[in-house]
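What follows is a short report on a single structure.
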Amino acid sequence: MMHTSGVWTSVNNLIENSEGSCVCPPIIILWTREMARAFEPDFVFPLENVTVAQGRDATFTCVVNNLGGYRVAWIKADAKAILAIHEHVITNNDRLSVTHNDFNTWTLVIRNVKMEDRGQYMCQVNTDPMKMQTAFLEVVIPPDIVYEETSGDMMVPEGGSAKLVCKARGYPKPKIVWRREDGREIIARNAPHGKTKSMAVEGETLWLSKLTRSEMGAYLCIASNGVPPSVSKRMKLQVHFHPLIQVPNQLVGAPYGTDVTLICNVEASPKAINYWQRENGEMIITNDRYSMTESENSMYAVQMTLVIRKLQKQDFGGFKCISKNSIGDAEGTIRLYQMEPPKSTKNQHRQNGDEDDDGSSENNLSTNDDLNDGGGLINKNGRLVKGLQSGEPHEMNRSANNGRLAANHFIILLLVLHFQASHLVSAAGATILITSLLTQLS
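Right, dumping it as structure tokens:
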């Protein structure tokens, strides 16, 4: 086999003629460069770009057919540094390794990727001219809060302003979003269009002005850049103000011997000391009849409750709920007065009292026959009156009945005279009316 002018000639037999010149056989196979190129190394798949988070492993895979006696090399293109040739690592980096599957696949592995590994990588075959593929290694870094440059918990007076700052690092650069932990809207009063409300505010700095107590609470700065996980920082904003007391019912009535509940609603920040007093300044202490509790409705709102059991005479009067914090104090007043029990309750008490006196309800609830026998009960005007046994008391009852009858006659007479004077009835009619009424009453 010989090479002439870039053409490979294969000769099966060389025959010399009589002149000593070479005579070629009739069948000669000529391989041109174009034919030989079909058997040169060739990449099967393109080298793919890789994106990996810092600290993870990155892998490049290069597939070459018809490699023959050529070699595969890995090169960091932007640094022009040879990393490995065939199966041997050249660079002094113990995080790099190369593998070969004994056929046509070569793999470059970079362990525990760092930001400095970011860049262009090349898979190259040492043909003439050389053949190569390139791909880019993108190293991303999840967001991280820069605590030394980020605000912490903050306290401001009501009506004041607050500046909350949140810094984060990462690659790509993280985006900062502010939200309220309780899901309520963030109020911005320094916007060009006046006061605005929004569920989320973007930017490293959150400005809050003319703060009110309703804006008190926890604010979250959330940093994200598309690389999980997102991170957040919680900042507690406290708005300070002196106590305020609201009394739902300033006048409370309850019957003697019952239980009653007195309520005061307190708003204060910082947290206040709350207690109850009588109007004369006497401190109320929890015991078997007085019970005091507090329930929190929000960061700054508390409900004070005083329960008084089995009301007694000395319990009626004025009560004060008092709240004090480092900024000021406030008090509310409630007046407790005695109410008459409901009529059904009074009747029940009276009936129960009669049972206690006589020992049984059978003696109290007598029939008409009992009345005719001269004992038991007499029912007069809906009231139960004890009957008397002797004749003299019966005469007294009869005299009382006669007196009530005379009074009824007198009232009827006055009414008829009034009707006659008003020309509502005639004299004859009045006489007939009087006679009829007296007959019915007798």
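Numbering of the sequence shown is given in the numbering used here, commencing with residue 406 and proceeding in unit increments. Here a beta-carbon is modelled for each residue, glycine too, at the ideal position from N, C-alpha and C.
Asked, Found
"Quick one: what does DSSP say Y552 is sitting in, helix, strand or coil?", "helix"
"Y705: buried (16+ other C-beta within 10 angstroms of its C-beta) or exposed?", "buried"
"Go ahead and label P633 buried or exposed: buried means 16 or more other beta carbons lie within 10 angstroms of its beta carbon, across all protein chains shown.", "exposed"
"Could you pull the start and end residues of the beta strand (DSSP E) that S398 belongs to?", "The structure shown does not extend to residue 398, since the chain is modelled only from 406 to 847, so the question has no answer here."
"So who's on the other strand from N470, going by DSSP bridges?", "D447"
"Let's test the definition: count the other Cβ atoms within 10 Å of the Cβ of P648 and tell me whether it reaches 16, buried, or not, exposed.", "buried"
"Pair every Cβ in the region 549-558 with every Cβ in the region 638-648, then say whether three or more of these pairs are closer than 8 Å.", "yes"
"Exposed or buried, which one is M849 when buried takes at least 16 other CB atoms within 10 Å?", "For the chain, the structure presents residues 406 to 847; residue 849 sits outside this window and is missing."
"Count the other CB atoms, across all protein chains shown, that sit within 10 Å of the CB of S765; report buried if there are 16 or more and exposed otherwise.", "Note on S765: pLDDT 38, under 50, position unreliable in the model; the coordinate value appears next. Flag for S765 reads exposed."
"Report the residue from T510, M559, P660 whose alpha carbon sits nearest the alpha carbon of Q717.", "P660"
"Measuring only from the beta carbon, is K725 closer than 7 Å to any heavy atom that is part of the ligand FAD?", "With respect to the ligand FAD, the structure offers nothing, as it holds no ligand at all."
"Should N730 go down as buried or exposed, given a rule of 16 or more other Cβ atoms within 10 Å for buried?", "buried"
"If you check the beta carbons only, do G631 and P577 fall under 8 Å apart?", "yes"
"Closest by CA to M697, which one among V707, V712, Q708, R683?", "V712"
"What do you get for V449, buried or exposed, if any count of 16 or more other CB atoms within 10 angstroms of its CB means buried?", "exposed"
"With DSSP as the reference, identify every bridge partner of G524, one or two as the case may be.", "L542"
"Compute the Euclidean distance between the alpha carbons of G737 and N679, then round it to the nearest angstrom.", "11 Å"
"What does the Cβ neighbour count give for K572, buried or exposed, with the cut at 16 atoms within 10 Å?", "buried"
"Kindly indicate the opening and closing residues of the beta strand (DSSP E) around F646.", "636-651"
"Using the three-state DSSP reduction, which class does N517 fall into: helix, strand or coil?", "coil"
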